[in-house]
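Numbering (our numbering), first residue to last: 91 to 204.
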């Protein structure tokens with residue numbers, strides 16, 4: 091836990107953290123939501139606004155965020171697989187697909203079989 095300043099504001103990295111009612115991340119589609127606000131440090135460290143009353147709040151929020159991201163990854167992989175199959179059917183060679191996707195020949199084959 092971060093220490094608190096005299097006025098009750100959490101301190102991290104030697105500076106007061108700022109309160110954010112609607113948390114933001116570098117990935118806007120992967121917001122970190124606790125249902126409450128959160129305290130954010132300039133270094134990126136975050137803590138729920140009221141973590142003292144419910145120590146599992148951050149665990150639940152992080153678990154929900156991870157699940158959300160896993161759904162996003164699954165959807166992106168399915169979209170990539172469909173695009174690769176379509177390109178293959180259009181006559182695009184495997185080497186070109188490997189260059190474009192950054193996949194090995196084995197990974198490309200596994201993707202096409204999905």
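Note that CB positions come from ideal geometry on N, CA and C, so glycine has one too.
Cα-Cα separation, residue i to residue j
{"i": "residue 202", "j": "residue 151", "result": "35 angstroms"}
{"i": "residue 96", "j": "residue 157", "result": "38 angstroms"}
{"i": "residue 199", "j": "residue 94", "result": "54 angstroms"}
{"i": "residue 112", "j": "residue 127", "result": "Only weak support is given to the placement of residue 112: the predicted model assigns it a pLDDT of 49, under 50, and the value that follows is read from those uncertain coordinates. Rounded to whole angstroms, residue 112 to residue 127 spans 6 angstroms at the Cα level."}
{"i": "residue 174", "j": "residue 187", "result": "7 angstroms"}
{"i": "residue 190", "j": "residue 169", "result": "15 angstroms"}
{"i": "residue 108", "j": "residue 146", "result": "22 angstroms"}
{"i": "residue 185", "j": "residue 129", "result": "48 angstroms"}
{"i": "residue 197", "j": "residue 102", "result": "43 angstroms"}
{"i": "residue 68", "j": "residue 181", "result": "The structure shown does not extend to residue 68, since the chain is modelled only from 91 through 204, so no value can be given for it."}
{"i": "residue 178", "j": "residue 155", "result": "34 angstroms"}
Contact check, residue i vs residue j, beta carbons under 8 angstroms
{"i": "residue 105", "j": "residue 132", "result": "yes"}
{"i": "residue 204", "j": "residue 166", "result": "no"}
Under the three-state DSSP convention, the category residue i falls into
{"i": "residue 179", "result": "helix"}
{"i": "residue 110", "result": "strand"}
{"i": "residue 191", "result": "helix"}
{"i": "residue 137", "result": "strand"}
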